[in-house]
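First residue of the sequence shown? That's 0 in numbering that gives the first Met the number 0, and the numbers climb one at a time after it.
Quick reminder that beta carbons are idealized off the backbone N, C-alpha and C, glycines included.
These notes concern the structure reproduced below.
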Amino acid sequence: MKAAPGSASLHFDMPVPMRDGVTLYADVYIPEGSGPFPALLTRTPYDKSSALTAAAPSSEVGSVLGLTRRGFAVVVQDTRGRYRSEGEFVPFVHEANDGFDSVEWVAAQSWSDGNVGMFGSSYVGATQWLAATERPPHLRAIFPAVTASDYHEGWTYQGGAFQLGFNFSWTMAALTVRNAGNLASRLGLDVERLEEMIDDTDRLDEGFKSLPLINQPALRMDEAGYYFDWLSHPSDDDFWKRLRIEDQHENVNVPSLNIGGWHDIFLRGTIRNFLGMRERGGSETAKRESRLVIGPWSHYGIGGSTAGTLDFGLRASMHGLDLGGMLASWGAQWLKDDAAPNPDTPPVKLFIMGVNRWRDENEWPLARARRTRYHLHSGGRANTRHGDGVLSTAAPDDERPDSFLYNPLDPAPTRGGPLCCSPSFLPAGPMDHAEKEDRSDVLVYSTPPLEEDVEVTGPVKAIVWAASSAVDTDFTAMLLDVEPCGAARNLCDGIVRARYRRSRSTPELLEPGRVERFEIDLVATANVFQKRHRIRLEISSSNFPRFDRNLNTGKGFDDAEVAVAANTVLHDADHPSYLELDVVPR
């Protein structure tokens with residue numbers, strides 16, 4: 000035990016037994032003074048010993064020592080198979096039971112008063128939700144930030160496409176290299192293999208391009224078998240359903256304070272977890288008291304003022320919203336006997352980009368918003384930003400379609416957006432897409448310069464009528480805010496893999512040349528398009544390496560055959576393609 004002057008006593012590597020005999024290890028921070036204390040637990044795969052550093056993923060929304068100074072015991076645990084903890088790490092699979100056992104262990108300690116909350120971001124949010132579905136008797140509240148509601152749709156896949164950029168970089172950088180010591184001990188890896196892992200992580204761009212996808216030379220089955228399991232289950236089958244949070248909200252009987260970012264990869268899950276708890280939470284308190292906060296942040300910038308190439312000002316940072324203080328207040332509300340809920344607090348707090356202000360709301364989506372369709376128009380030459388593509392609320396008449404060739408060996412590149420987990424290879428957030436829009440395989444539809452400010456706050460989707468020469472292909476969509484200077488900055492994006500256009504669980508190939516309706520979920524945004532700006536929609540067939548390339552053949556991830564697809568987007572009276580936005584009166 001060591002003393003941290005003026006703050007806490009630290010107990011390192013406390014053994015926490017699991018029901019199956021595996022021992023996990025935790026560091027415990029106990030406040031000075033007479034206990035017992037309410038406790039906050041964070042279960043992380045990213046090294047419990049980093050909790051005192053600024054880069055600690057498990058403490059991004061709350062300083063451990065700051066929480067102890069506010070009277071909380073803090074427990075930071077390595078999850079199964081990570082760093083000091085025993086067992087084999089398989090993402091998500093053990094977190095429900097391990098989380099339950101860990102909560103109850105904390106509650107039984109002499110320094111604990113039996114009231115336990117959980118906190119943390121990303122995968123550390125997953126460890127909260129999965130534990131909460133098991134209803135640990137002493138769990139009182141959770142504080143999940145930037146995490147998912149479904150580990151198929153929105154984590155591993157989106158719209159049927161594999162989230163290659165995230166899953167490969169996360170597995171390489173965060174799950175294997177950073178856990179090399181544990182892997183070396185368990186698998187007997189030699190120094191040469193560890194050097195190879197580091198080299199492969201430094202060459203992520205080469206790994207992104209590797210085909211066939213399931214034969215990833217940078218990864219080995221014994222080190223990361225789960226990655227190959229994900230690729231072996233592209234459809235939404237029982238492999239995924241057993242873990243899905245949004246099917247279990249009725250089992251969660253504690254309130255959740257959900258933190259998200261408009262440029263975060265898990266925005267969909269953050270919103271759906273909030274809505275699921277408000278509608279189907281396992282207790283009246285869980286329904287009534289669950290909250291949603293969304294800032295302008297990307298995944299690694301939660302609580303900061305910058306994302307991508309934009310600085311949203313001090314209001315986006317702790318000077319405008321102190322997330323650490325919010326966690327402490329949330330903990331005090333639910334873990335301390337002298338605190339009580341505030342029924343007058345609006346359940347939703349949103350950062351409105353463009354004007355860069357926080358705003359409280361009573362619901363999501365906003366009841367006062369007008370669902371508005373911006374139809375696609377052109378004379379058949381919407382290719383590139385120099386083409387004739389137009390967005391308008393007027394419905395189309397007889398118009399020529401737009402066509403482009405999609406070559407998987409020359410895909411439209413990813414530039415910013417909701418990305419993770421390699422800032423070097425995949426920098427996230429809003430960026431200028433003007434150069435990319437010079438490509439002929441990117442269709443561009445824009446409004447004329449706006450005559451007044453237009454606020455768009457709510458869900459975003461695109462309905463695209465299209466046909467392809469291939470039996471399978473992708474259609475992507477991106478919403479952008481175009482400045483008077485021509486800079487086009489991304490707000491949100493989406494994709495649909497043609498074979499999953501009707502069902503995520505039952506793939507169905509295309510009939511070449513047949514016109515089909517594709518619905519593309521771009522998730523959501525909150526942005527004021529200022530006067531003289533333009534609202535823009537991009538349509539293409541790739542966003543690589545954010546998503547894996549559709550090779551257009553209809554074959555699986557074990558095949559490397561490539562075909563070029565001639566893809567056509569229609570926008571006429573019989574096939575009215577459109578972008579659907581929530582326009583908020585100002």
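Where the beta strand (DSSP E) containing residue i begins and where it ends
i	result
GLU579	577 to 583
LEU408	First-last for LEU408: undefined, no H or E at that position.
ASN566	564 to 569
ASP480	473 to 481
THR67	It is not in any beta strand (DSSP E) - THR67 instead sits in the alpha helix (DSSP H) that spans 63 to 68.
VAL105	Careful: VAL105 lies outside any beta strand (DSSP E), inside the alpha helix (DSSP H) at 94 to 107.
TRP357	356 to 360
ASN526	515 to 528
GLU249	Unbroken run through GLU249: none, as it is neither H nor E.
SER111	111 to 120
ASN181	Taken as a continuous stretch (DSSP letters only), ASN181 belongs to no beta strand (DSSP E), being part of the alpha helix (DSSP H) at 179 to 186.
TRP261	256 to 262
GLN76	72 to 77
Neighbourhood of residue i by C-beta, 7 Å cutoff - its chain only, sequence neighbours within 5 removed
i	result
PRO544	LEU163, GLY164, PHE207 and THR413
LEU424	Before going further, note that residue 424 is Phe rather than Leu in the sequence given. Once the five neighbours on either side are set aside, the close Cβ partners of PHE424 are SER168, LEU203 and ASP204.
ALA2	Note that ALA2 scores a pLDDT of 41, beneath 50, so its modelled location is shaky; the value from the coordinates is reported in the next line. Taken in chain order, the residues that qualify are SER8.
GLY255	Reading off the sequence, residue 255 comes out as Ser, not Gly. ILE141, PRO143, ASN272, MET276 and SER289, listed in sequence order.
GLU360	PRO345, VAL347 and LEU349
ALA394	HIS374 and PRO575
Opening and closing residue of the alpha helix (DSSP H) in which residue i lies
i	result
ALA427	It is not in any alpha helix (DSSP H) - ALA427 carries neither H nor E in the DSSP assignment.
GLU191	190 to 200
MET220	220 to 231
TRP593	Past the boundaries of the shown model lies residue 593; the chain is included only from 0 to 585, so the question cannot be answered.
GLU205	203 to 208
LEU163	163 to 168
Environment of residue i [buried if 16+ CB atoms lie within 10 Å]
i	result
TRP104	buried
HIS151	buried
ALA564	buried
MET17	buried
ALA497	buried
PRO135	buried
ASP235	buried
VAL115	buried
PRO295	buried
LYS47	buried
MET477	buried
ARG585	exposed
GLY512	exposed
LEU624	The requested residue 624 is not part of the displayed model; the chain covers only 0 to 585.
GLY180	exposed
ILE197	exposed
GLY224	exposed
ARG241	exposed
Among the options, the one whose alpha carbon lies nearest that of residue i
i	options	result
TYR122	MET220, VAL115, LEU174 and ASP112	LEU174
TRP261	HIS298, GLY280 and THR126	HIS298
ARG533	ALA315, LEU51, THR284 and GLY485	GLY485
ASP112	GLY158, ALA497, ILE29 and GLU537	ILE29
GLY489	VAL21, PRO14 and GLY353	Sequence inspection shows Asn at residue 489; the Gly mentioned does not correspond to that position. Residue GLY353 is the option with its Cα nearest to ASN489.
GLU434	VAL481, LEU349 and ALA7	VAL481
ILE141	GLU195, PHE273, GLY457 and ALA172	PHE273
THR41	VAL582, SER84, SER120 and HIS93	SER120
ILE494	ASP359, ALA160 and PRO211	ALA160
GLY457	ASP228, CYS491 and THR67	CYS491
ASP97	PHE71, ALA125 and ALA72	ALA125
ASP581	ALA147, SER184, THR524 and VAL441	THR524
LEU23	PRO35, ARG81 and TYR45	ARG81
GLY20	LEU66, GLY86 and ALA465	GLY86
THR308	PRO429, THR552 and LEU365	PRO429
HIS432	GLU191, LEU536, SER391 and HIS248	LEU536
PHE311	VAL527, THR170 and GLY268	VAL527
PRO400	TRP239, PRO575 and ASP558	PRO575
GLN247	ALA130, SER539, SER101 and LEU322	ALA130
SER439	ALA381, PRO448 and GLU518	ALA381
Residues near residue i by beta carbon distance below 8 Å, same chain, minus five either side
i	result
ALA54	Low confidence applies to ALA54: its pLDDT is 38, below 50, so where it sits in the model is not reliable, and the reading given next is rough at best. Nothing listed; no residue qualifies.
ILE301	GLU59, VAL60, SER120, ALA144, VAL145, ILE258, GLY260, ASP263, GLY294 and LEU322
Own chain, CB closer than 6 Å to residue i, minus 5 neighbours either side, in chain order
i	result
SER58	Its pLDDT being 36, under 50, SER58 is placed unreliably in this model, and the value from its coordinates should be taken loosely. Excluding residues within five positions, the ones whose Cβ falls inside 6 Å are ALA50.
MET13	ALA25 and VAL27
LEU334	PRO37, ASN114, GLY116 and ARG139
LEU550	PRO407 and VAL561
GLU579	ARG372 and LYS460
VAL470	LEU508, LEU509 and GLY553
Any non-hydrogen atom of the ligand HEM within 7 Å of residue i CB
i	result
MET196	Of ligands this structure carries none, so the ligand HEM is not represented either.
key: Length-filtered (3 minimum) beta strand (DSSP E) runs lying within the region 273 to 333   = 290 to 297
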